[in-house]
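Enquirer: Take a look at this one; I'll ask things after.
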Amino acid sequence: MRRSVSIGTRWTLRYTAALLVTVSIFAAYTYSQVERRTERDAELHLELQVKEIVDAIRDSWPTAPSVIDIIDRNIAIAESDLRLGVQIFDPKGRVLLKRGSLAHQDLGLSGKLRDRGGGRVSYEADFGGKYRYLVMEMPADNCFVQGALYTRRFVRNARTVRDIYLYSLPILLLLTAVLGSLLARGSLRPIKEINRTARRITGTHLDETIPTTGNRDELDDLAHTLNDMIASIRASVRRMQRFSANAAHELRTPLNAMRSRIDVTLEKQREPEEYRRILGEMAEEVESLSNSVHAMMRLAQSEAGLQPEQRVPVEISSLLGEVVEFFQPLASDAGVRLSLQPADPVTVPGDPSWLHQLFANLLHNAVKYTPGGGRIDVAITPAEAWVEVIVSDTGVGIDPEQASRVFEPFHRVAGRREAPGVGLGLPLAREIARAHGGEIVLESAPGSGSSFTVKLPTVSADA
Amino acid sequence: MGGRELLRILYIEDDPTAREYIRKGLSEHGYAVDVAEDGKSGVERALRDPFDLLILDVMLPDSDGFEVLRSLRAKGVHVPVLYLSARGDVVDRIQGLNLGADDYLVKPFAFAELLARIQAVARRSLSEPDDGRLAVGDLVLDLRRHAVERSGRSVELTPKEFDLLEYLLRNAGHAVSRAMITEKVWGYGFDTYSNLIDVHINHLRKKVEQDLGPKLIHTVKGVGYMLEDRSKAGEGE
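One line per chain: the protein sequences are R and L, in this order. Here the first sequence stands for residues 765 to 1227, numbered as in this note's numbering. Here the second sequence stands for residues 104 to 340, numbered as in this note's numbering.
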């Protein structure tokens, strides 16, 4: 069996990739934020230093020593973790004072600043490393103060952030992959369990149920759904087994009788007239067997449901009129009053011939079990999206225990002998109702008659 | 049934037992029967010789009966067709009749039923009576006035009893089966309640026979009924 990549692996790969993308975006954003922040920090820091020097100069220039002291002190403080250099120029660009670790470098004074002739200017330059400069003019004292800050440390801060991401990302991804695959495997375990159980279930072995966890999640729902499905398959397989056993019995009994009949007939020479009579009786037996087979076939057809081409609009009250009329002579011969309550037209999408059969079976049943002097009433009650047809009789009735079983194929009410093939009338009626998306309900009590309610949808279920 | 023209039937059936018995039975009833065992040879036979009726098994080894009918109709052969099917499938039935089959019979069937249907299909082309009156003996059914008379006395019938009598009169002298009556008079394919036809026939008999004249509606054992005036032939029951 070809084995493709498992769901667990695919899930792991997918959310590892998702994490990679998310973390990368987050890292890039954080890094750019930190970098910007760092630059601003450097600038602020430099400005603070330069301002302090400028203030000192303003207060005490040209008494140089105190200014130099302040500069040196600031540089000293800054040097503990930064490199700061300070130069003071005259307007012609000559260096008046040069302090700090940058003093050995000729920082120069940009022509640009000179041209501007005043104010302040901030810029960056590269001398084997990034430097940020701030030059402030002091017109009153006729000089320029230039501060330079080696910003490597600030940049390093940002880099550190970036590096943390870069180094931790693979570890993070690996961890995610490992944990993810464990999680995936864990959450897929119930599916494996379902799969294993489902494999054990076959047409003959339908007693398995899939274990449910009871925590009402999707997988538990799936297990429940599958269990329901298995249960309904189980029920229908049982029904079929029972049906074929009953059908075999139904056919075997008359076949046996015919067989012995034939054997006895063949035992000795007989008169042609006798052969003729026996063959005639055989033909009748075969006829009744054919009827049984026809009835079983019809039941099987209706169980398979309505074919789309069968569905046409059927007007129920006129159809019932015809069926009632069809049974009228039988009912009157039996001394039973059969009546149909007048009703407005109501249309059901279905097969007229099947629906005719449905009501014919109900009426036949009603006439059969209603003694002379009784009555059978057929009433039509339309409801929203449904129509109810009630066939009620004043017949012998049936106790509730038996009532649920009259729709089972070949079921015979205890103590009643029936012709072969009968015992399928009510099951067929119910299957036809179901094939139309409807149902039949029987209410009955011994001695007080029976009432069959047929519920049929007036709108097509699949429309 | 003297004077009837010899009816030529082509029977296409793959089951040899059924083929032989039906052929024999039909021959004994005076039909000229040819047989074919599959769709291909059946179509060839039907194209070569003119037949009055085709009896066609729906399930054939090489093609289904519908295919056979379709290809014959496409080649302009419009012979009446009687389908035989073991399935009794509603869809089969609808499909067959849609394709222009004239009748449909579900296996297993009584031979008499087949005979009755063959006769009915063969009679199908009978024209309408000119005066709108169908009559057998002293029983007259007037289609235009929708009235029935026996020996000049009016007989009151329910609409269905009228339809039933009309059907029997149109097939007077020929046996019609209960299933045929169910299908043609009530218009339903299911034949479960064909025995209920007996009840309807009895009610009809009471109205058109009792005290009004000799028996006209006869029971044909193993088939159904036949409306016939047997009083003159001297063979009344």
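From the three backbone atoms N, C-alpha and C, an ideal C-beta is built for every residue, glycine too. Keep in mind it's a predicted model, so treat the numbers as computed, not measured.
(1) Quick check on residue 246 of chain L - is its C-beta less than 7 angstroms from some C-beta in chain R?
(2) Would you check if the region 110 to 130 of chain L and the region 1198 to 1207 of chain R touch, i.e. whether three or more CB-CB distances between them fall below 8 angstroms?
(3) Between the region 1098 to 1106 of chain R and the region 1061 to 1075 of chain R, can you find at least three pairs of beta-carbon atoms closer than 8 angstroms?
(4) Which of the three DSSP states is assigned to residue 134 of chain L in this structure?
(5) Could you name the residues of chain R that residue 302 of chain L contacts, counting a contact when the two beta carbons are closer than 8 angstroms?
(6) List the DSSP bridge partners of residue 157 of chain L.
(7) When you compare the CB positions of residue 958 of chain R and residue 974 of chain R, do they come within less than 7 angstroms of one another, or not?
(8) Would you give the residue range spanned by the beta strand (DSSP E) that residue 1150 of chain R belongs to?
(9) Using DSSP with H/G/I as helix, E/B as strand and the rest coil, what is residue 852 of chain R?
(10) Anything in chain L within Cβ reach of residue 1089 of chain R, meaning under 9 angstroms, just list it in chain order.
(11) Per DSSP, what kind of secondary structure is residue 910 of chain R in: helix, strand or coil?
(12) Along chain L, in chain order, which residues have C-beta atoms closer than 7 angstroms to that of residue 782 of chain R?
(13) Specify the secondary structure class of residue 1058 of chain R as computed by DSSP and reduced to three states.
(14) Quick check on residue 337 of chain L: buried or exposed, where buried means 16 or more other Cβ atoms within 10 Å of its Cβ?
(15) For residue 836 of chain R, name the three-state secondary structure that DSSP assigns.
(16) Please confirm if residue 217 of chain L has its CB atom under 7 angstroms from at least one CB of chain R.
(17) Would you identify the three-state DSSP class for residue 1028 of chain R, choosing helix, strand or coil?
(18) For the pair the region 1207 to 1215 of chain R and the region 1071 to 1088 of chain R, tell me if three or more CB-CB distances fall below 8 angstroms.
(19) Between L:171, L:147, L:112, which lies nearest to residue 133 of chain L when the distance is taken from Cα to Cα?
(20) Just the C-alpha distance for residue 1090 of chain R and residue 971 of chain R, rounded to the nearest angstrom, thanks.
(21) Within 7 angstroms (strictly less), CB to CB, does residue 1124 of chain R reach chain L?
(22) Would you list the residues sitting across from residue 329 of chain L in a DSSP beta bridge?
(23) Since residue 325 of chain L meets chain R, which of its residues come closer than 9 angstroms, beta carbon to beta carbon?
(24) I think residue 905 of chain R touches residue 832 of chain R, with their Cβ atoms under 8 angstroms apart; what is that distance to the nearest whole Å?
(25) Can you name the residues of chain R whose CB is closer than 9 angstroms to the CB of residue 299 of chain L?
(26) Less than 7 angstroms between CB atoms is the rule here; does residue 1208 of chain R satisfy it with respect to chain L?
(27) Does any C-beta atom of chain R lie closer than 7 angstroms to the C-beta of residue 132 of chain L?
(28) Under 7 angstroms between the Cβ atoms of residue 280 of chain L and residue 204 of chain L?
(29) Along chain R, which residues have their Cβ under 7 angstroms away from the Cβ of residue 282 of chain L?
(30) Indicate the three-state DSSP secondary structure (helix, strand or coil) for residue 905 of chain R in the structure shown.
(31) When you compare each of R:977, R:940, R:1163 to residue 953 of chain R by their alpha carbons, which one comes out closest?
(32) Could you tell me which residues DSSP pairs with residue 1217 of chain R in its beta bridges?
(33) Whose CA, out of L:110, L:150, L:143, lies closest to the CA of residue 131 of chain L?
(34) On the three-state DSSP scale, how would you describe residue 1185 of chain R?
(35) Using a 10 Å radius around the Cβ and a threshold of 16 neighbouring Cβ atoms, would you call residue 234 of chain L buried or exposed?
Expert: Answer, in terms of the structure:
(1) Locating residue 246 of chain L in the second sequence gives position 143, where the first residue counts as 1. Chain R places no beta carbon closer than 7 angstroms to that of residue 246 of chain L, leaving this residue out of the contacts.
(2) No: the two stretches stay apart, fewer than three of their Cβ pairs being nearer than 8 angstroms.
(3) Put simply, the region 1061 to 1075 of chain R does not touch the region 1098 to 1106 of chain R. Fewer than three CB pairs are less than 8 angstroms apart.
(4) Here residue 134 of chain L refers to the residue found at position 31 when the second sequence is read from its first residue. It is coil, neither helix nor strand.
(5) Residue 302 of chain L sits at position 199 when you count from the first residue of the second sequence. Counting only Cβ-Cβ distances below 8 angstroms, residue 302 of chain L has contacts in chain R at 1093, 1094, 1097, in chain order.
(6) The residue you call residue 157 of chain L lines up with position 54 of the second sequence. Residue pairing for residue 157 of chain L: DSSP places it in a beta bridge opposite L:113, L:184.
(7) Working through the first sequence from its first residue, we reach residue 958 of chain R at position 194. Working through the first sequence from its first residue, we reach residue 974 of chain R at position 210. Contact flag set, yes.
(8) Residue mapping note: residue 1150 of chain R aligns to position 386 of the first sequence, counting from 1. Residues 1150 to 1157.
(9) Working through the first sequence from its first residue, we reach residue 852 of chain R at position 88. Here residue 852 of chain R sits in strand by DSSP.
(10) Residue mapping note: residue 1089 of chain R aligns to position 325 of the first sequence, counting from 1. Residue 1089 of chain R reaches chain L at 261, 262, 263, counting residues in chain order whose Cβ is nearer than 9 angstroms.
(11) The residue given as residue 910 of chain R occupies position 146 in the first sequence. Under the three-state reduction of DSSP output, residue 910 of chain R falls in the strand class.
(12) Translated into positions along the first sequence, residue 782 of chain R becomes position 18. Simply none; closest approach about 53 angstroms.
(13) Along the first sequence, read from residue 1 onward, the residue named residue 1058 of chain R stands at position 294. Collapsing the DSSP output to three states places residue 1058 of chain R in a helix.
(14) Counting from 1 along the second sequence, the entry for residue 337 of chain L is found at position 234. Since pLDDT at residue 337 of chain L reaches only 48, below the 50 mark, its modelled position is unreliable, and no value is offered.
(15) The residue labelled residue 836 of chain R in the question sits at position 72 within the first sequence. Helix.
(16) In the second sequence, residue 217 of chain L corresponds to position 114, counting from 1. With respect to chain R, the C-beta atom of residue 217 of chain L has no partner C-beta closer than 7 angstroms.
(17) Walking along the first sequence from the start, residue 1028 of chain R turns up at place 264. Per DSSP, reduced to three states, the secondary structure at residue 1028 of chain R is helical.
(18) With the cut-off at 8 angstroms, the region 1207 to 1215 of chain R and the region 1071 to 1088 of chain R do not touch.
(19) Start at 1 with the first residue of the second sequence, and residue 133 of chain L comes out as number 30. Distance check between residue 133 of chain L and each of L:171, L:147, L:112 places L:112 closest, using alpha-carbon atoms only.
(20) One-based indexing of the first sequence puts residue 1090 of chain R at position 326. One-based indexing of the first sequence puts residue 971 of chain R at position 207. Residue 1090 of chain R and residue 971 of chain R have their C-alpha atoms spaced approximately 47 angstroms apart.
(21) For the purposes of this step, residue 1124 of chain R is taken as the residue at position 360 of the first sequence. Answer yes: the Cβ-Cβ gap between residue 1124 of chain R and chain L drops below 7 angstroms somewhere.
(22) Counted from its first residue, the second sequence places residue 329 of chain L at position 226. Answer is L:321, bridged to residue 329 of chain L.
(23) The residue given as residue 325 of chain L occupies position 222 in the second sequence. Under the 9 angstroms cutoff, chain R gives 1044, 1047, 1048, 1051.
(24) As a working mapping, residue 905 of chain R is identified with position 141 in the first sequence. As a working mapping, residue 832 of chain R is identified with position 68 in the first sequence. The distance from the Cβ of residue 905 of chain R to that of residue 832 of chain R is about 15 angstroms, inconsistent with a contact at the 8 angstroms cut-off.
(25) Within the second sequence, residue 299 of chain L is the residue found at index 196, counting from 1. What residue 299 of chain L touches in chain R: 1090, 1091, 1093, 1094, 1124, 1128.
(26) Numbered from its first residue, the first sequence carries residue 1208 of chain R at position 444. Interface annotation, residue 1208 of chain R: not in contact with chain L, CB-CB separation never under 7 angstroms.
(27) If you number the second sequence from 1, residue 132 of chain L lands on position 29. No - not a single Cβ of chain R is within 7 angstroms of the one on residue 132 of chain L.
(28) Residue mapping note: residue 280 of chain L aligns to position 177 of the second sequence, counting from 1. Residue mapping note: residue 204 of chain L aligns to position 101 of the second sequence, counting from 1. Not closer than 7 angstroms, so no.
(29) Here residue 282 of chain L refers to the residue found at position 179 of the second sequence. Those do not exist, as residue 282 of chain L stays about 10 angstroms from chain R at its closest Cβ, beyond 7 angstroms.
(30) Within the first sequence, residue 905 of chain R is the residue found at index 141, counting from 1. For residue 905 of chain R, the secondary structure class from DSSP, reduced to helix, strand or coil, is helix.
(31) Within the first sequence, residue 953 of chain R is the residue found at index 189, counting from 1. When each option's Cα is compared against that of residue 953 of chain R, the closest is R:977.
(32) Counting from 1 along the first sequence, the entry for residue 1217 of chain R is found at position 453. Residue pairing of residue 1217 of chain R in beta bridges, as defined by DSSP: R:1154, R:1205.
(33) As a first step, residue 131 of chain L is located in the second sequence; it is residue number 28 there, counting from the start. Relative to residue 131 of chain L, the option among L:110, L:150, L:143 whose CA is nearest is L:110.
(34) If you number the first sequence from 1, residue 1185 of chain R lands on position 421. Bear in mind that the predicted position of residue 1185 of chain R carries a pLDDT of just 48, short of 50, making it too unreliable to give a figure here.
(35) Here residue 234 of chain L corresponds to residue number 131 of the second sequence, with the count starting at 1. By the beta-carbon neighbour count (other beta carbons within 10 angstroms, threshold 16), residue 234 of chain L is exposed.
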